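Working notes, beginning with the structure itself.
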Amino acid sequence: MANVRTYSPSVRVGNWNEDLCLEEVGSFLRGLLGRGNLKETPVDLSVTTDGLLHFGDTVMIVNPGAERNDVRDIRQRDPTALCLNISEYKAHLAAQVEAPCPVSASRIIKPCIRNAFVITSVDGTPNGQPLRYGQDFALSTTEGYAGNLKLHSDRVSFLKCAKKSRQQEVSLVSDLTHFTRWKTIAFEPQLRMEYEGLPVQANVKLLITHCKTHQHLNIAQDYVARTPFGYEYEVTAHMDLDSHRAEKETNHWVIITGTPTDDGRTMFDK
30 MANVRTYSPS VRVGNWNEDL CLEEVGSFLR GLLGRGNLKE TPVDLSVTTD
80 GLLHFGDTVM IVNPGAERND VRDIRQRDPT ALCLNISEYK AHLAAQVEAP
130 CPVSASRIIK PCIRNAFVIT SVDGTPNGQP LRYGQDFALS TTEGYAGNLK
180 LHSDRVSFLK CAKKSRQQEV SLVSDLTHFT RWKTIAFEPQ LRMEYEGLPV
230 QANVKLLITH CKTHQHLNIA QDYVARTPFG YEYEVTAHMD LDSHRAEKET
280 NHWVIITGTP TDDGRTMFDK
């Protein structure tokens, strides 16, 4: 009697059966996406020979996370990478990511189509030249399936804001505009004026600021959404300051480059 099925799918009728089927299909697709079977093609990051970031480099934008600190009221959070966030339907069927496309922060740190970005010039600086602190640039997705989209943000309005946190929205668009311009700011507040105009080192903590609104790229750590790739944090443009007017860990980023080896590792793995 233990092996006898007392219920069958026919018992669930109407919306009950439909919801069950949708959940099963969703779980199947999420499993495929998680294993990298749907558009999760690995990407080779650029290797820096002088320790600097250059225009044209393919990089990852990683928030290094935070360690638990009860004194400063900091919750533990794993490192996360900025990535494009596509729906299950588009991930499975679309030939190319279309704009506008939302972004999120994923715990998957391995370089792939979703989380690889190209440092793009907006002022005529040729590829190969170092990126400098305070210099405007754009972050583009890779060519091909990722669509060469640009990281975009605009001021908060009643109709245009992040869905969960209601902070300034960050997304990917197809055209270069004033709203797709970003700049890097040195991590140490006391040295920011001295660093202005100097080349940006790769694989070090820094801030990424939206030029038009002066808001920092931010992990909205209190707002998590389920995506086809798992649970991921919402990404916004927001200056998150502590009681001393210093930027919190949610505003800290590392622009990651590749390693000279062929094992697919990044400098973040070292």
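Heads up, the numbering used here is the position in the sequence shown plus 29, with the first residue counted as 1. Where is the CB? At the ideal position from N, CA and C, for every residue including glycine. Note that the structure is a prediction, hence the values are computed from the model and not measured.
- The beta carbon of lysine 277 is closer than 6 Å to those of Asp269 and Asp271 in its chain, skipping five residues each way along the sequence.
- Here leucine 201 has Leu113, Ala128, Pro129, Cys130, Val132, Thr170, Leu178, Lys179, Leu180 and His181 as same chain residues with Cβ atoms under 7 Å from its own Cβ, once five neighbours each way along the sequence are excluded.
- The shortest C-alpha to C-alpha distance from glycine 259 to any of Leu51, Ser116 and His239 is the one to Ser116.
- Taking C-beta atoms under 8 Å as the contact rule, tryptophan 211 and cysteine 190 fail to qualify, at a distance of about 19 Å.
- When secondary structure is reduced to three states using DSSP, threonine 256 falls in the strand class.
- Taking C-beta atoms under 8 Å as the contact rule, alanine 231 and threonine 77 qualify, at a distance of about 5 Å.
- Distance check between asparagine 156 and each of Leu82, Asn92, Ala266 and Arg255 places Leu82 closest, using alpha-carbon atoms only.
- As the crow flies, the alpha-carbon of histidine 273 is around 29 Å from that of lysine 192.
- The beta carbons of valine 88 and phenylalanine 166 sit no closer together than 7 Å.
- Take the alpha-carbon of glutamate 53 and the one of isoleucine 138: they are about 27 Å apart.
- Per DSSP, the continuous beta strand (DSSP E) segment holding glutamate 198 begins and ends at 197-202.
- Contact check for arginine 184 against threonine 238 fails: the beta carbons are separated by 7 Å or more.
- Its Cα nearest to that of valine 229, the residue Tyr162 stands out among Thr70, Tyr162, Ala95 and Leu51.
- Its chain contains Leu74, Ser75, Val76, Thr77, Leu82, Asp86, Val88, Ala231, Asn232, Thr295 and Met296 as the residues whose beta carbon lies nearer than 8 Å to that of threonine 286, once the 5 sequence neighbours on both sides are disregarded; these appear in chain order.
- Here glutamate 198 is buried, its C-beta having at least 16 other C-beta atoms within 10 Å.
- Non-local beta-carbon contacts of proline 108 in its own chain, meaning distances under 7 Å to residues more than five positions away in sequence, involve Val91, Asn92, Pro93, Gly94 and Ile138 in chain order.
- Counting only residues of its own chain and dropping the five nearest sequence neighbours on each side, isoleucine 248 has a CB closer than 7 Å to the CB of Asn92, Thr109, Ala134, Tyr262, Val264 and Thr279.
- Boundaries of the beta strand (DSSP E) around methionine 89: 87-92.
- Residue state for cysteine 50 is assigned as helix, using DSSP reduced to three classes.
- The C-beta distance from phenylalanine 216 to leucine 188 rounds to 35 Å, too long to meet the 8 Å contact threshold.
- For arginine 221, the enclosing alpha helix (DSSP H) begins and ends at 221-224.
- Counting the other Cβ atoms within 10 Å of the Cβ of arginine 143 gives 16 or more, which makes it buried.
- Judged by DSSP in its simplified three-state form, glycine 163 adopts coil rather than helix or strand.
- Proline 108 sits in coil when the DSSP states are folded into three classes, being neither helix nor strand.
- Under DSSP, glutamate 263 shares a beta bridge with Ser133 and Ala249.
- DSSP places histidine 243 in the coil class of the three-state scheme, outside both helix and strand.
- For alanine 215, the secondary structure class from DSSP, reduced to helix, strand or coil, is strand.
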